[in-house]
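**Student:** Take a look at this one; I'll ask things after.
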Amino acid sequence: MGNGMNKVVDGLYLGNIRDSENRESLSQNNITHILSVYNNAKPVLEDMTYLCIHAADASSQNLSQHFKESIRFIHECRLNGGACLVHCLAGVSRSTTMVVAYLMTVTTYSWEECLSAVKAVRSFVGPNYGFQQQLQEYQMNQVTEPPTTPSNTCLPEAHDVMFNTCLPEAHDVMFNTCLPEAHDVLFNTCLPEAHDVLFNTCLPEAHDVMFNTCLPEAHDVLFNTCLPEAHDVLFNTCLPEAHDVLFNTCLPEAHDVMFNTCLPEAHDVMFNTCLPEAHDVMFNTCLPEAHDELFNTCLPEAQRCGTHLSCITLISEHTGAKSTGRGCGPVSAPVPLRTRSRWECC
Numbered sequence: 001m002g003n004g005m006n007k008v009v010d011g012l013y014l015g016n017i018r019d020s021e022n023r024e025s026l027s028q029n030n031i032t033h034i035l036s037v038y039n040n041a042k043p044v045l046e047d048m049t050y051l052c053i054h055a056a057d058a059s060s061q062n063l064s065q066h067f068k069e070s071i072r073f074i075h076e077c078r079l080n081g082g083a084c085l086v087h088c089l090a091g092v093s094r095s096t097t098m099v100v101a102y103l104m105t106v107t108t109y110s111w112e113e114c115l116s117a118v119k120a121v122r123s124f125v126g127p128n129y130g131f132q133q134q135l136q137e138y139q140m141n142q143v144t145e146p147p148t149t150p151s152n153t154c155l156p157e158a159h160d161v162m163f164n165t166c167l168p169e170a171h172d173v174m175f176n177t178c179l180p181e182a183h184d185v186l187f188n189t190c191l192p193e194a195h196d197v198l199f200n201t202c203l204p205e206a207h208d209v210m211f212n213t214c215l216p217e218a219h220d221v222l223f224n225t226c227l228p229e230a231h232d233v234l235f236n237t238c239l240p241e242a243h244d245v246l247f248n249t250c251l252p253e254a255h256d257v258m259f260n261t262c263l264p265e266a267h268d269v270m271f272n273t274c275l276p277e278a279h280d281v282m283f284n285t286c287l288p289e290a291h292d293e294l295f296n297t298c299l300p301e302a303q304r305c306g307t308h309l310s311c312i313t314l315i316s317e318h319t320g321a322k323s324t325g326r327g328c329g330p331v332s333a334p335v336p337l338r339t340r341s342r343w344e345c346c
């Protein structure tokens, strides 16, 4: 069914079993990974990386038990700059369910909105009724389950999730710092006893205001840094002479553009790092070889991310969806993940 595989977002394609064996099409679309979801699924091509899920296209089939490993497989492929083809036999039900589950995980959109986005590029798709119920249950669990224990692992090649640090043991949670025992709450820093409030830093006595830094005497203004003499402007850094522009760094000569780093020669693009050769894309890190994708980390082997924005843009374009009321801001702005660890499943 269909006329070849269809691109859903950058690095993610949906197709049928014929597409998975079409070397020319695989090469044209730079496919490196294949997620096969059907009975007796098995690797076919030696030069591909496979994840094979044995599953029938039946309402009674428990497909959600495979969401976690499938989402991890797709996302790691994309983060590493590869492209993943997800297929079943016809490219209609089982594979579509996996793609929708993935889109739900990296955005704040509902399963219906994600399915509509997939239908916009592959009109005849449709998970069976049982799979739709599983997607609905997955959505409910994604929204309502609070974070419990830290679930992130510390991989050698620190994850390229927004604001992650560059040390080998860094956690894969946005803004998390580099120690293995860091909490898995978005933007939390590195000690076990850190508060579970977004952007709170690492000491027990830290203020419970979002983005506050870690000393008792820290100002209670969002994103203020930790010294008493710090300016009371949102996101200002910690020295008295710091500029009073949001997210400016701490030296007098720092550029007055939001999120700029602290050297005079730093680029004047938001969140740019501090070396002259740093890329001029928001949130890029400081090495010349850093990827020029939003939120990439600073090691040459860092994976390419921008995945969140590409998924959100696609869904917004095809559904007109703005926000599900689950913490998602305007589509035109960087969209935050939910306040639980979105990567717990990954």
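The sequence shown begins at 1 in full-length UniProt numbering and counts up by one. Even glycine gets a Cβ: it sits at the ideal position worked out from N, Cα and C. No experiment lies behind these values; they were computed from the predicted model shown.
#1: Just reading off the alpha helix (DSSP H) that S95 is part of, what are its end residues?
#2: Suppose you measure from the CA of G130 to the CA of D57; what does that come to, to the nearest Å?
#3: Quick one: using the 10 Å Cβ neighbour count with 16 as the cut-off for buried, is V44 buried or exposed?
#4: Assuming contact is defined by CB atoms lying nearer than 9 Å, are V37 and H75 in contact in what I supplied?
#5: Roughly how far, in whole angstroms, is the beta-carbon of V8 from the beta-carbon of V99, given that I think they are within contact range, below 8 Å?
#6: When you compare only the Cα positions, how much space is there between V121 and M5?
#7: Beta carbon of T97, beta carbon of L135: below 9 Å?
#8: Which runs of the alpha helix (DSSP H) at least 4 residues long sit entirely within the UniProt domain "Tyrosine-protein phosphatase" (4-144)? Give them in chain order.
#9: Quick check on Q142: buried or exposed, where buried means 16 or more other Cβ atoms within 10 Å of its Cβ?
#10: Roughly how many angstroms lie between the CA atoms of A90 and L79, to the nearest whole one?
#11: Quick one: using the 10 Å Cβ neighbour count with 16 as the cut-off for buried, is E21 buried or exposed?
#12: Of all the options I71, T32, H54 and C114, which has the alpha carbon lying nearest to the alpha carbon of G81?
#13: Straight-line CA distance for L85 to L63?
#14: When you compare each of I17, S110, S25 and V118 to K42 by their alpha carbons, which one comes out closest?
#15: Would you report the Cα separation of Q28 and T107, rounded to the nearest angstrom?
#16: Between the C-alpha atoms of N30 and A101, what's the straight-line distance to the nearest angstrom?
#17: Just the Cα atoms here: how many angstroms apart are E137 and I53?
#18: Excluding sequence positions up to five away, which residues of its chain have a Cβ less than 6 Å from the Cβ of E69?
#19: Between the Cα of Q139 and the Cα atoms of Q61, E112 and N40, which residue gives the shortest distance?
#20: Rank T105, V125 and S60 by C-alpha distance to the C-alpha of residue 348 and give the top, closest one.
#21: Give the straight-line distance between the Cα atoms of L14 and S60, rounded to the nearest whole angstrom.
#22: Give the single residue among R94, Q132 and S95 whose Cα lies nearest to the Cα of S110.
#23: What separation, rounded to the nearest whole angstrom, lies between the Cα atoms of D10 and S25?
#24: Checking 9 Å against the spacing of the C-beta atoms, do A83 and L103 come in under that value?
#25: Looking only at its own chain, which residues have a Cβ that is under 6 Å from the Cβ of L115, when we skip the five neighbours before and after it?
#26: Would you decide whether D19 is buried or exposed? Buried here means 16 or more other CB atoms lie within 10 Å of its CB.
#27: What separation, rounded to the nearest whole angstrom, lies between the Cα atoms of S123 and L35?
#28: Near K119, which residues of its chain fall below 7 Å by C-beta distance, leaving aside the five closest residues on each side in sequence?
**Tutor:** Once the coordinates are examined:
#1: R94 to V106
#2: 9 Å
#3: exposed
#4: no
#5: Contact annotation, V8 with V99: C-beta distance approximately 6 Å; criterion of less than 8 Å satisfied.
#6: 10 Å
#7: yes
#8: 17-21, 23-28, 67-79, 94-106, 111-121 and 129-144
#9: buried
#10: 27 Å
#11: exposed
#12: T32
#13: 18 Å
#14: I17
#15: Cα to Cα, the separation comes out at about 28 Å.
#16: Taking the straight line joining both Cα atoms gives about 23 Å.
#17: Those two C-alpha atoms are separated by around 20 Å.
#18: none
#19: E112
#20: Not covered by the structure: residue 348. The range shown for the chain is 1 to 346.
#21: 23 Å
#22: Nearest Cα to S110 within the set R94, Q132 and S95: Q132.
#23: 16 Å
#24: no
#25: V100
#26: It counts as buried.
#27: 21 Å
#28: V125
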